[in-house]
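Numbering follows the UniProt record's numbering, in which position 42 of the sequence shown is assigned residue number 42; successive positions increment by one, without gaps. Idealized CB from N, CA, C, for every residue including glycine. Predicted model only: the values in this text are computed from it and were never measured. Reading through the structure tokens given below for one structure.
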Amino acid sequence: MKKAILMMTFGSPEEISFEGVAEFFTNIRRGVRPQDHEIQTLYDNYIRIGGTPLQRITREEVNLVKERLGEEYGIYFANKFSRPFIPDVIKQMETDGVEECICLILEPHYSFYSVMGYEKFLESQQIRFLVIKDWYQQQSLLDFWTDEIRKILRNEVGEESFKVIFSAHSVPIFALDYGDPY
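Okay, structure coming up:
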């Protein structure tokens with residue numbers, strides 16, 4: 001039986017250009033292109049923050065997983081809103097003869113609004129999917145990040161007394177009406 005791991009992200013503009021940003025946000029809006037002034041604002045924001053490293057970082061993660069597990073599993077990468085798109089990658093997996101796939105959604109939270117958006121793409125007559133939903137709650141991972149943050153802050157701040165504030169972007173308010181756990 002051919003096994004695979006599918007690593008999925010939200011995606012990001014393929015290129016930080018007006019049209020690259022327009023295409024990405026048109027995908028997010030299910031084919032409805034934002035108005036040019038909205039695209040310009042989004043484009044300006046990407047320029048202001050220096051673009052996004054999401055695609056590069058994810059490809060690096062995929063390559064590291066391939067180094068570790070590539071002999072045993074086929075390793076695939078797909079995005080929800082940019083290339084390579086999840087349905088296209090699943091078609092490739094079917095062509096490659098994959099029968100069983102572990103899916104890792106690279107979002108450090110669980111939300112019906114976000115995670116179910118990935119799961120709806122996981123349809124195949126040939127592949128059985130297993131979705132790992134709450135990897136970010138594993139105690140060993142939390143301990144690792146706690147230690148790493150402490151090390152960095154000690155080196156940068158040089159003292160033990162500091163506070164760290166974490167924030168995350170939100171989901172639409174209507175998601176609360178559906179009991180979204182986020």
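Counting C-beta pairs closer than 8 Å gives fewer than three between the region 90-108 and the region 18-34, which falls short of the contact rule. Apart from sequence neighbours up to five positions away, the residues of its chain that approach residue 101 with a beta-carbon distance below 6 Å are 4, 6, 127, 129, ordered along the chain. Looking at 144, 142, 105, the one whose alpha-carbon comes closest to that of residue 133 is 105.
Non-local beta-carbon contacts of residue 42 in its own chain, meaning distances under 8 Å to residues more than five positions away in sequence, involve 21, 25, 34 in chain order. In this structure, DSSP gives residue 166 a state outside helix and strand, which the three-state scheme calls coil. Residue 111 is positioned such that its CB atom lies no closer than 8 Å to that of residue 54. Taking the Cα positions, residue 88 is about 11 Å away from residue 77. Along the region 87-123, the beta strand (DSSP E) occurs as fully enclosed runs of 3 or more residues at 100-105, listed in sequence order. Nearest neighbour of residue 50 by Cα position, chosen from 70, 74, 146, 17, turns out to be 17.
Going by beta carbons, residue 108 and residue 136 fall inside the 8 Å limit. Per the coordinates, the alpha-carbon of residue 59 lies some 11 Å from the alpha-carbon of residue 8. Inter-residue distance for residue 82 and residue 164 is about 32 Å (C-alpha atoms, whole angstroms).
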